[in-house]
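Okay, so the sequence shown: first residue is 670 according to our numbering, each after it adds one.
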Amino acid sequence: MTTLKSRLKEDLNTAIKARDELRSSTLRLTLTAITKEEVAGTAKRELSDDEVLTVLAREAKKRREAAEAFAQGGRTEQAAREKEEGEVLAEYLPKQLSDEELTEIVTAAVAEAKASGAEGPRAMGAVMKIVNPKVAGLAEGGRVAATVRKLLAG
Numbered sequence: 670m671t672t673l674k675s676r677l678k679e680d681l682n683t684a685i686k687a688r689d690e691l692r693s694s695t696l697r698l699t700l701t702a703i704t705k706e707e708v709a710g711t712a713k714r715e716l717s718d719d720e721v722l723t724v725l726a727r728e729a730k731k732r733r734e735a736a737e738a739f740a741q742g743g744r745t746e747q748a749a750r751e752k753e754e755g756e757v758l759a760e761y762l763p764k765q766l767s768d769e770e771l772t773e774i775v776t777a778a779v780a781e782a783k784a785s786g787a788e789g790p791r792a793m794g795a796v797m798k799i800v801n802p803k804v805a806g807l808a809e810g811g812r813v814a815a816t817v818r819k820l821l822a823g
């Protein structure tokens with residue numbers, strides 16, 4: 670069992686013993702998503718820590734999007750609950766890059782893409798291929814794409 674998955678299970682047991690309903694239900698749902706990912710496909714397999722982080726990031730993104738949708742729909746209690754669940758999941762994710770750090774990485778990638786002949790808005794794909802491996806798990810894809818678009822346009 671991976672270290673991150675075992676940490677999630679230990680934290681779930683601790684939350685259950687402490688009667689922390691929010692944390693225990695969030696961790697239960699996340700572990701279910703991890704198990705679902707493990708049995709998806711043709712053969713059952715054990716996920717690596719990186720794959721578990723990918724599942725965690727996906728679950729956190731679902732919580733953020735749901736919180737926004739509930740807030741727009743006027744359901745503030747459920748929006749707050751989704752935000753709280755997102756905060757629980759954020760404890761297990763690596764620290765996100767700041768806007769300055771992300772801009773610095775994207776600027777270098779734009780320069781690298783221009784050196785290989787790609788320029789303007791059509792260079793988006795080339796720049797994203799350079800940037801994505803560097804920021805995997807450290808910045809959300811939408812933020813990265815917006816920064817790339819802004820720098821290519823400017």
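Beta carbons: idealized from backbone N, C-alpha and C, even for Gly.
For this session: State the CB to CB distance for the pair L691 and E754, rounded to an integer number of angstroms; the pair is presumed to be in contact (CB under 8 Å).
Result: At roughly 7 Å, the Cβ-Cβ gap stays under 8 Å, so L691 and E754 are in contact.
Exercise. Is it true that the CB of A729 sits closer than 8 Å to the CB of L762?
Worked result: Their beta carbons are under 8 Å apart, which means L762 touches A729 by this criterion.
Problem set entry | S693, buried or exposed, once every other Cβ within 10 Å from all chains shown has been counted against 16 | Burial call: buried.
Exercise. Between R676 and the rest of its own chain, which residues show a CB-CB distance below 8 Å, the 5 nearest in sequence each way excluded?
Worked result: Taking C-beta separations shorter than 8 Å and ignoring five residues to either side along the sequence, the partners of R676 in its chain run Y761, following chain order.
For this session: Give the C-beta separation of L757 and T695 to the nearest angstrom, bearing in mind that I take them to be a contact with Cβ-Cβ under 8 Å.
Result: Going by the sequence as given, residue 757 is Val instead of Leu. Yes, they are in contact, since the Cβ atoms of V757 and T695 sit about 5 Å apart, within 8 Å.
Problem set entry | Three-state class that DSSP yields for R714 in the structure shown | Three-state DSSP puts R714 in coil, outside helix and strand.
Problem set entry | Assigned secondary structure, D689 (DSSP; H/G/I helix, E/B strand, else coil) | Coil, per DSSP.
Exercise. Taking three-plus beta-carbon pairs below 8 Å as touching, is the region 702-720 in contact with the region 745-752?
Worked result: Short answer: they don't touch.
For this session: Quick one: give me the first and last residue of the alpha helix (DSSP H) that L820 is part of.
Result: Where L820 is concerned, the enclosing alpha helix (DSSP H) stretches over G810 to A822.
Exercise. Around the Cβ of T711, are there at least 16 other Cβ atoms within 10 angstroms (buried) or fewer (exposed)?
Worked result: Exposed: under 16 other Cβ atoms inside 10 Å.
Problem set entry | Helix, strand or coil at S767 [DSSP, three-state] | The three-state secondary structure of S767, taken from DSSP, is coil.
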